[in-house]
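Since the structure comes first, as structure tokens, the remarks are kept for the end.
Residue numbers (this note's numbering), protein chains in the order written: chain A, 1 to 662; chain B, 1001 to 1147; chain C, 2001 to 2369; chain D, 3001 to 3325.
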């Protein structure tokens, strides 16, 4: 029989306001095994923990139940506390009477009753707990960063600076990401590529950083400290080492009609290309889908003109396998597709563009060499309308429920830049709210309004209709003056919502990292662990976690790096001792469990089994505790119950069921 | 039959929630103060794939009126595939319970992510209503447990 | 001797059931077993053998012995314990033990065959000798056995080998003997309890001569001589044969097909092994006993394991117990030749095959000499 | 049959096998028992006729551990069970010499009894190449029944006459299927939940927990059944409350789901005549419908549906959708 102490936390009034804590203490004292019960306003406080430690020593407790907040919050706290007091940490269980009880129920009697039942279940479980010892696993001192945008670049640099090896995997032919497409940045209006390029150079020349561009993560196995990752290096068709980056091949390439993704398909590029001038590495790739050599077998111009002999049509995709201790996800974002917002005529008129397209138009290296002009007739616009929140803060299923966060500021930036460079262009912005929380942000917005006289109208646009004369008729409302507005525009710019890179689903599945309904990766804790995934060893950098601007992205990238460094600095990690365990006396050797194990942690071997009346060599299951992550899928597959999960054993879970159903 | 003083039927509902998604979803429901009836009692399991059919029948044996299993959405399992196995196991088990004449509304599987506190709460509210409409579980359950 | 037409038999059952529980062969989902009579049940007096023997009436497959409940009750201050805790409690726990009440009402087991009545005799040896089993004793005291002659015995029957007379239930240790002949049930009280029962239903019975029953008796007796297994010899079995039989090689061959299931045990009218277990309920436990089978691998499992660890040992135990140890201890065989195991063993093993196997062994041994 | 005995004799004599697992004549004309023959001489008691219904594949678990090869007689449907046991590493293919014996359906003596046949002294016409009717000589007179009327329920939904695995074949087989495999399950599905509940309650209340169904089942080959060990606190022996029978049979069927070959032994051996195959067949039907047709034991390499999955698998809610129309 265990000697169990029950500690009921008030959590200030968080629990005590709805749960009669004293009554819980009174009633749990009669549960089997309970020799001590007490309550305290804050169990997690130093004093609270002291009480637990004292009781463990004085009452020779063999088990502890803390009735408090979620075990996801403080289980580790109380386990550490118990361990310091000499009790095996796995003899501690938490009954969640806050999130699962006091916070959701109003009736005191009902909540108290439920709290007692939840405590009872935890007590029943502890009665069957056994001390468990955490094992150790080594840490591979190398990190993987998925995504080579500003988030990935910053994280990689910070990790590398601490002395650890980092690999960056970037899907496109060059690192740089979304930021490389931007013209200027708010609120300082400095040139995006001017501040990004030095970072790109730094990352490409850093001795600790290896960059795999035109590559994708193909497979991930393992666990924190010891991931094994297959990286697919797509065939570039150009030898990275031989190419000098002279660019002749691109000039001579006869196939020049390929839509240019980097310029948001506003113009075209050659089939052999580097996405932009500052690309790192400055080595082109052959777009095999459009290359005449690959399509028809007849061309080979680039190969002929390449003096370095770098073009290699025979190159194959290559899979490299590497081990990592930590993985950072920095896959960034894209803007949403606008097919559901056809009232803005995006598909009907080339003069209705997205803000990202405007970035390229405004950029000197863009499709118009930086001249502001309509894409239809290349004439300069006279009247421009910006529409905010296209797909953001959207109540219906067409768009996103969240605020994309960056649009208010970049629209102010665009309006200001246009008014500055082309003072005769009238700029009107339709907005729901203008959100400017950030250093120097509101000042920036006010400059747009006050100094540059951008016409801000609070209200939404209902329709943009292309007119026969090529202009656009914009119909909207002014909510402040409460009137309908109809105006003519030459260009309409849509602030389309941003969404996580569509590849994130596949990546999250590979990493077993959880993802929210909007496809942003979930943090381990929304406030306290915002750069970690709940999956150990997976870290979040940049917009993959939620909408952010550049300074926020860079800060978070640094934070993620710190977490990675903290992990890589350890030589060994404590492993979760809640692993599967096979009772060889009962094991049939049928392999059913091995068939469902996602980690290959179960192997079979012939082993001598001894028991009453039994002494024979049998084929039985063996669990490799270093690989087992404790999911328990095997236990559900095992018919006899030979395979059980420590810490969540069949008997323990059944005793919880019984306690609840009493 | 468990009744409150005003004669309303209060069902007993056992919810198995996976640690990574649904238990966290329930925590979020809690911290967002999205209420659902106290009839629901949650048991934390590492993964929906950990839920053994024995546990479910055990709950019914001991007098549960409804059992719900919550796990990560397909594709999002913390352990890659646990919820896929759970999905097949539970589909077959529920089908069998339906086949022997147990009301099929008494069992349910719902995928709830860590971010779906609202869904967790809504699911539980809905499930409790469903079980209330079905009334007490008399077709399963061991009479001795009434003593 | 009395009689009642089978057309009217339900009124007899109703009359008995008015004051007593009535236990008789009832057909449910195609199988006849003893069960409580209800107006709408399908009585199966014509079934020669119910699947399970009627021993349930006296020794049910499952019975609760007592219940223990833990109650939290108020305590007065003087009794208060645990005052060192921070919370002042005014409650304490108390264990409440409720034994199951012994049978205190008469009941009738109707239609028992002579072999099954003999089976009860074997149970009596176990449960009514010291230490007496009170639950069983109470049931025996209150049970009234109405035995029924075996109209058309079958090839699996071999009760005569054990001295049972299937034709004349008045020779069995029953209370009433009955025969069914040509649509009439003939009725003869053979004990005091039987007389009383007869009195209570006298209005439904009419006087009858003995000749119909006598004819049935000679008819059945004649059929029995034709049945293959009634010629079985028990020579070499019985008291004092432990050494001779225990170490025989025959067991090592015989047991092999045995599945280790409990079918033979649970259909047998004389098997009397049980297990006692606890079932945890709301706030306590129910201690119950249930039939156990010596064929089960967990039979008499103890902390240190079992005393019989292999199926051959378990198999040998069952038959040695019936044919050697029981006679050693109680002076009677613990087999009554009902033939249920002959009918029901999934692997076609049974006590007849065991006895025959040893006969063959003897023959072979004789031939070798 | 003599041909089979001669062949088995030869296998024993030339040392190909160390023993033969077959059936031995019973003391009644209808109750042969599974038997391990060690010598050619002992084969005089070997029998193979319509009453040899027992599936011998499970006995190969123990036989596999013995020195030398064991010749085992497997009917077409038994061969599925054997394959499944190979899949689960419970039998050693190398230690088995499989004689695929022909089968024209196996007989159920209870069918004769239900037809009023009792006091049986002799039965003829049950051999593999016998006539279409079976004759009974009884002390109450001679009776006759057609072979097909005497068939075990399972033979009416015969999986076919092909052996899934064998070393050599003996005798002609016949596909005895004359009804649809899932008809019985469909009939139950068509009932209301209350009717289904009553049906199963009635059937299961007969259960005496003798464990014959479990112990005969080639899929239930656990060393220590979940109901015999204490890991689930489910150690039970008696039919205590109707729930226990439900629990036992549901879990038993669940544990063999995706592994059960539908050999029908559970229903054959149940002393109370409970149609236990209705549980297993329901799982098979569901698996076929929801995850694609799967026949356990057909291919020893095939992944069981319960250890497999696809992203697109149906949700458990489909149960209510299908059932509630």
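Ideal placement from N, C-alpha and C gives every residue a C-beta, glycine not left out. Keep in mind it's a predicted model, so treat the numbers as computed, not measured.
- Taking a Cβ-Cβ threshold of 7 Å, the residues of chain C close to residue 1144 (chain B) are 2279, 2281 and 2286, in chain order.
- In the structure shown, residue 2155 (chain C) falls within a coil segment according to DSSP collapsed to helix, strand and coil.
- With a beta-carbon spacing of about 10 Å, residue 34 (chain A) and residue 25 (chain A) fall beyond the 8 Å limit used to define contacts.
- Residue-level contact by beta carbon fails for residue 1120 (chain B) and chain D, as no gap is shorter than 7 Å.
- According to DSSP, residue 3133 (chain D) shares a beta bridge with D:3146.
- Straight through space, the alpha carbons of residue 327 (chain A) and residue 227 (chain A) are spaced by roughly 8 Å.
- Rounded to the nearest whole angstrom, the CA to CA distance from residue 3273 (chain D) to residue 1099 (chain B) is 20 Å.
- One alpha carbon belongs to residue 661 (chain A), the other to residue 593 (chain A), and they sit about 30 Å apart.
- Taking 4 residues as the minimum length, the alpha helix (DSSP H) runs contained wholly in the segment 1045-1087 of chain B are 1053-1061, in order along the chain.
- Residues of chain D with a Cβ closer than 7 Å to the Cβ of residue 639 (chain A) are, in chain order, 3222, 3226 and 3255.
- Here residue 205 (chain A) is exposed: its Cβ has fewer than 16 other Cβ atoms, across all protein chains shown, within 10 Å.
- Taken through DSSP and simplified to helix, strand or coil, residue 2302 (chain C) comes out as strand.
- If you ignore the 5 residues before and after residue 2223 (chain C), its C-beta comes within less than 6 Å of the C-beta of 2153, all in its own chain and listed in chain order.
- Judged by DSSP secondary structure, residue 3269 (chain D) falls within the alpha helix (DSSP H) whose first and last residues are 3265-3269.
- Annotated as proximal: residue 3077 (chain D) and residue 3263 (chain D), with beta-carbon spacing under 7 Å.
- Using a CB distance cut-off of 7 Å, residue 2093 (chain C) counts as an interface residue toward chain A.
- Excluding the 5 residues flanking it on each side, residue 2336 (chain C) has same chain C-beta neighbours closer than 8 Å at 2115, 2116, 2118, 2119, 2122, 2159, 2162, 2164, 2269 and 2270, in chain order.
- For residue 3269 (chain D), the nearest beta carbon of chain C is closer than 7 Å to its own beta carbon.
- The C-beta distance from residue 1101 (chain B) to residue 3196 (chain D) rounds to 4 Å, short enough to fall under 8 Å.
- In this structure, A:127 is the residue among A:42, A:127, A:60 and A:426 with its C-alpha nearest to the C-alpha of residue 93 (chain A).
- If only uninterrupted alpha helix (DSSP H) runs of at least 4 residues are considered, those enclosed by the segment 213-298 of chain A are 248-252 and 292-296.
- Residue A:291 holds the alpha-carbon nearest to the alpha-carbon of residue 252 (chain A) among A:581, A:291, A:374 and A:240.
- With a contact defined as Cβ atoms closer than 8 Å, residue 1051 (chain B) and residue 1014 (chain B) miss out at about 10 Å.
- Note that the C-beta distance between residue 283 (chain A) and residue 243 (chain A) is below 7 Å.
- At the C-beta level, residue 165 (chain A) and residue 142 (chain A) come within 7 Å of one another.
- Look at residue 3323 (chain D): its C-beta is under 7 Å from a C-beta on chain B.
- In the DSSP assignment, residue 2098 (chain C) falls within the unbroken beta strand (DSSP E) covering 2091-2099.
- By DSSP's assignment, residue 1108 (chain B) forms a beta bridge with B:1068.
- Cβ-Cβ distances below 8 Å link residue 2017 (chain C) to 2037 in the same chain, with the five nearest sequence neighbours on each side left out; the list follows chain order.
- Residue 3064 (chain D) is positioned such that its CB atom lies no closer than 7 Å to that of residue 3081 (chain D).
- Taking the Cα of residue 325 (chain A) as reference, the smallest distance to any Cα among A:497, A:500, A:573 and A:250 is reached at A:573.
- The segment 3251-3261 of chain D makes contact with the segment 3270-3285 of chain D, as at least three CB pairs between them are under 8 Å.
- Only those residues of the segment 2019-2031 of chain C whose C-beta falls short of 7 Å from the nearest C-beta of chain D are listed: 2028, 2029, 2030 and 2031.
- For residue 94 (chain A), the pairing in a beta bridge is given by DSSP as A:66.
- Of all residues in the segment 609-626 of chain A, the ones placed with a Cβ closer than 9 Å to any Cβ belonging to chain C are 611, 612, 613 and 614, in chain order.
- Taking a beta-carbon distance threshold of 7 Å, residue 2275 (chain C) counts as an interface residue toward chain D.
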